[in-house]
Amino acid sequence: MADNLAQKRQHLIRAAQSSIQALAEKKPPDVIFSFFPAHIIIHEHGLQQLAPFLGREYRGIQGAEEYFTVLASTIALENGRLVGTFADPEELKVSVKGEATFTWTSTGQSWDEVWTSLLEFDHEYKIKMYEIWASPGAAYLASKGLLNR
């Protein structure tokens, strides 16, 4: 049983790292969407008034496409990297912590950010729930050209 949980934990961590790396490397949509089942739910926490991609659920592959399209049209990510992972093999969940430099594309203002995500997997190790917590305040200030760095 312990070996099985250790194997499952390693499989979950590899699946999480691969998916986050594909996002950070701006892989083509077919590669990114291969990590999700048809019923994926994406939710980036924060008030909708602060950024257009915050505070709502994006459901299914069409919703995921919408989320990533809105995200890519508003912010750019550079130097993204994972700095920590924790996997719960019994719940099929992985918590990841990452760092990156984000730029609000319309203003050109950038900020360094530490973010965290919770990935919940199905039994095929596809991400069925993807939750993100970042700094909506920095994004908002950058969108208004008010971020002093």
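Going by the working numbering, the sequence shown opens with residue 1039, and the numbers climb by one from there.
Positions of the beta carbon are idealized from the N, C-alpha and C atoms, including for glycine.
- Task: Pick helix, strand or coil for phenylalanine 1091, following the three-state DSSP scheme.
- Result: coil
- Query: Rounded to the nearest angstrom, how far is the Cβ of alanine 1076 from that of isoleucine 1099, given a contact under 8 Å?
  - Reply: 6 Å
- Query: Of all the options Arg1097, Lys1164, Leu1184 and Thr1145, which has the alpha carbon lying nearest to the alpha carbon of isoleucine 1058?
  - Reply: Lys1164
- Query: Hey, out of Ala1053, Glu1082, Glu1103 and Arg1119, whose CA is closest to aspartate 1068's CA?
  - Reply: Glu1103
- What's the C-alpha gap between serine 1177 and threonine 1145? The amino acid occupying residue 1177 in the given sequence is alanine; serine does not appear at that position. The alpha-carbon atoms of alanine 1177 and threonine 1145 are separated by roughly 11 Å.
- What residue range is occupied by the uninterrupted alpha helix (DSSP H) comprising serine 1111? 1098-1112
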